[in-house]
Structures are given as structure tokens and as C-alpha cells.
Amino acid sequence: MALGAASIDGQRFRRVLGNYPTGVTVVTAIGDDGNPAGMAVGSFTSVSLDPPLVAFLPTKSSTSFPKIRTASSFCVNVLAADQEPLSRGFAARGGDKFAGVSWSRTPSGAPRLDGAAAWIDCEFESVQEAGDHYLVIGRVRHLDSDGERLPLVFFQGGYGRFSPASLVAVPEPDFISHLRLADLSRTELERVAAEVGTECLAIAAVDDQLVVLASAGTPSRGAEYTRVGQRMPFVPPIGAPFVAWADDDAVRAWLTRAGRPFTDAERERHLALLTRVRARGWSISLGGGETGSGTQGELLDAIDSYDEGEADGRERVQRLGVELAHRFEPEHELEPDAEYDVRLASVPVFGPDGAVVLTLTLWGLPHPCTGADVRRFLDIALAAAHTIGKSLDDRSG
Ligand SMILES: Cc1cc2nc3c(=O)[nH]c(=O)nc-3n(C[C@H](O)[C@H](O)[C@H](O)COP(=O)(O)O)c2cc1C
């Protein structure tokens, strides 16, 4: 039964609003006495991209906010899952909240807590009254995140952590139509991630990009999570499974995306990669044993900078891709007892017309793993890809 405004008491208000989960931040600043001040805040939100604004709502009864208010800048520290004790400390009234806490300074001078999942360095834009709270708007000056840390979560008065079974990308106009595929793949994606014990991605080719449509599970080694919605340039040797079964025009278009004309030898090498993917039915790229030129780590950095819209991102991926082509689709078959550093292992999902519509891509596999392990992981992924392909057939028929 819905109750009218007159019946809303504080307890009920808190209980009902507690159904809305939040992250946990600690807002910090250096007070005018030169000492750091901070308070735990769940009411943090982003407000505007242009200009970049964020907001939080401190209660008027807070003894820390008046100290924060005297500073010209403040830092919003997004707590990581293992920082629950820090949240408790900063939610307590009084005492030296910074005792035993390690921190450094943001570019604007506010305290940045070590180990946080993200930090957002702001100047005060405005402070307005909002009932028994203030509404503080901050203008973002600097920010960064640590992609490897999962956030601490607050829900119904308790702390928890975020562990997605699977995530599907927020629709963007150019890949809305592909998201139906991601939805259809979700159960299989979750199953593969659980059986292999690593992160499994559903990736689609959209024009000249590859887009991570969905992700399940967590990388088994220290690799970073892949952000759903992440875009990668679809340039050789990246995306080979989307081209290996395609017609000559698609192969030519892929080779042309290298950014510069290939020498005959480079062209032959890339065509040989496609032949191997087709013959094997899967695609892998190996790390390790790197000397001199580019490394897989640099390639991942370049892919990130492309995704973040940096001007030279595509060109860097193109250059490193060609330098590292020998790490993709190794010529020699995997030996069951040999150990490998497998960066990516992908299998194709075929649509009703025989074209590759998705790849299931294993990311963050254990390192090292034996050739026999890799074959087992690939077999799990291939079975899932077959099931997804079959459900696409059933729907189109
Ligand atoms: C998870 C969590 C979220 C909180 N969110 C807010 C908030 O958004 N605004 C607020 O004023 N207090 C919030 N608090 C409470 C303050 O942290 C706490 O009342 C305050 O820091 C008390 O100490 P002070 O007097 O030093 O400010 C939150 C506490 C916790 C544990």
C-alpha cells in the first residue's frame, strides 16, 4: 500500500531509500588549519560532462563538511571493495580520521587516499541548501581510476561488493542492433566464464571497429577487467576471426585498414594468419618472449588510448599490430605439455547466413597454462559458440 506524504517518517524514508544501492566515497580536503578532513559520502553523483561537474550532499550536522568547505578544492575518493574499514573510519564523528591512513595529494592539493578505485579532484562550483543537507557541485579538474579495483557497495545499510554475473553494454546508436546478440549470449557467456574461471567477452565487428558487447566473470590473473562498450580498431592482425571466413572484399578491407600499404611479405603473413584461424576454428594471441620493438602491454595501452579518443590511438594500434603479428595465430600447433602465455583466445559464433557475428573471447587466462589447458578452454568456448549459433538459427527459421 502506498502511503501519503504525511506518513513519511525518517526510519521509513531511510529504509525505502536504502533499496537504492550506492558506491561509497570519501570526500577529502585540506582545511584552513592545514589538517586533512574527510567524510564518508554515498550521495556522490556525476552531474554534467560539459562542463565536467559532479555533486554530493553533506548533512548540515556534519562536523567535517565545514572544514572541507574552507578549502578551495576537494577530492572524491571512490572506495575499493577492500576499503570497508576506511569507510567506517570516515563515517565516525570526531577523532583523527586520518590516523594510520596513507594518502598523497591530488594536483590541486586535496588528500588522495591510497588504494581507492578512482579519485576525482574538484573545485567548489556551488553550495546550495537542500532541506537538512547541502547540495555541493564540484567542477572536475583532474581524475583517474585504477581499472583493477572493484568498488565497495552500500545497500540496505550494509556493505557489499559488486560481482556481476555478466554485463551488457549500454546501447550506442551504431551497435544497438548487435545488442540482441549479446543478450542471447549471456547465459553461455556466464557458463564459459565459470567453467574456465576467467573473463569471457562477446565482441562484435561494427564497421571498422570491434566492440565489447558483453562480459562475464573476472580475469583469473592480474589482468584488468574489460569495460563493456570498449572499442578497438579492427585492424590487422586484430579481429582475424571476423575475416577468416569472410569474402575477399572483407579481407581486402581489413588489410587496407593497416594504415599503410603492406609489403608482399606482410600481406602473405596476414593471409597465412587467416588461413590458420579458418583451419583451426579458433584464434589466439600469445604474450611473452618479447624483445625490442612493441609488446602486448603497449598494444593494450594503445587500444585503451584509442577507446579514450586520443588522436594517435588508432595509428599506434596499427603500428604495434603489425610489429606483433607474429604473436597472433602461432604457426606451430600447441603442444599439450608446453606452457604458454595466452593473452586472448577467441572462437567464432556463426549467424544463420554463415557469417561470423560475434566472437567469444577469453581474457585473463591463467599464466602460464599448458597447451592441453588451452585446448580444453577452447573446447568449452566452442561448445558455447555452437549453442549460441544454434539459437540464432532457430530464431531466424
Ligand atoms: C556508506 C555511507 C554513506 C554516507 N553518505 C553520506 C552522505 O551522502 N552525506 C552525509 O552527510 N553523510 C553521509 N554519511 C555519513 C557521514 O559519513 C557521517 O555522518 C559523517 O562523516 C560524520 O562525521 P563528521 O561529523 O565528521 O562529518 C555516510 C556514511 C556511510 C557509512
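Under the working numbering, think of the first position of the sequence shown as 106, with each following residue one higher.
Virtual Cβ for every residue (Gly too), placed ideally from N, Cα, C.
CB contact flag (residue i, residue j, <9 angstroms)
i	j	result
Pro346	Val452	yes
Ala486	Trp350	no
Leu284	Ala274	yes
Ala488	Val454	no
Arg210	Cys227	no
Gly265	Tyr330	no
Ala134	Gly128	no
Leu286	Ala309	yes
Leu497	Phe433	no
Arg424	Gly364	yes
Ala307	Thr492	no
Leu162	Val152	no
Leu315	Gly344	yes
Asp279	Asp312	yes
Ser250	Trp208	no
Tyr445	Thr400	no
Ala160	Ile242	yes
Gly262	Arg117	no
Ser501	Gly459	no
Gly426	Pro341	yes
Ala450	Leu467	yes
Val422	Pro338	yes
Phe229	Ser177	yes
Ala221	Arg246	no
Pro269	Ser320	yes
Asn140	Phe203	yes
Val131	Ser192	yes
Boundaries (first-last residue) of the beta strand (DSSP E) holding residue i
i	result
Tyr239	His238 to Ser250
Glu300	That residue, Glu300, is in no beta strand (DSSP E); its alpha helix (DSSP H) goes Ile281 to Val301.
Asp226	Ala223 to Ala235
Ser320	Gln314 to Ala321
Ala197	Run containing Ala197: none; DSSP gives neither H nor E here.
Thr466	Val461 to Trp468
Ile308	Glu304 to Val311
Gly365	The sequence as given places Arg at residue 365; Gly does not occur at that position. Taken as a continuous stretch (DSSP letters only), Arg365 belongs to no beta strand (DSSP E), as it is neither H nor E.
Leu449	Val447 to Phe455
Tyr264	Gly263 to Arg266
Pro216	Pro216 to Leu218
Arg336	Arg336 to Pro338
Ser209	Trp208 to Arg210
Phe260	Leu257 to Phe260
Cβ neighbour criterion (16 or more within 10 Å) applied to residue i
i	result
Lys172	buried
Pro366	exposed
Lys495	exposed
Tyr125	exposed
Leu404	buried
Val121	exposed
Ala185	buried
Asn182	buried
Arg357	exposed
Arg336	buried
Gly418	buried
Met106	Any reading at Met106 must be qualified, since the residue scores a pLDDT of 48, below 50, and its modelled position is unreliable; the value itself is stated next. With fewer than 16 other Cβ atoms within 10 Å, it is exposed.
Leu294	buried
His437	exposed
Phe170	buried
Glu304	buried
Ala477	exposed
Leu272	buried
Gly194	buried
His375	buried
Phe267	exposed
Gly397	With a pLDDT of only 47 at Gly397, under 50, the local geometry of the prediction cannot be trusted, and no value is derived from it.
Unbroken alpha helix (DSSP H) run spanning residue i, endpoints
i	result
Gln188	Note, Gln188: premise wrong, no alpha helix (DSSP H); not H, not E.
Arg481	Gly476 to Ser501
Leu360	Asp353 to Thr361
Val275	No alpha helix (DSSP H) holds Val275; DSSP gives it neither H nor E.
Val348	Ala345 to Ala349
C-beta neighbour in chain C for residue i, strict 9 angstroms
i	result
Asp478	Note that chain C does not occur in the displayed structure, where there is just one protein chain.
Which ranges would you report for the beta strand (DSSP E) in the stretch 380-424 if only whole runs of at least 3 residues count? 388-391
What are the complete beta strand (DSSP E) segments, minimum 3 residues, inside the stretch 115-183? Whole beta strand (DSSP E) segments, 3+ residues: 130-135, 141-146, 150-153, 158-161 and 178-183.
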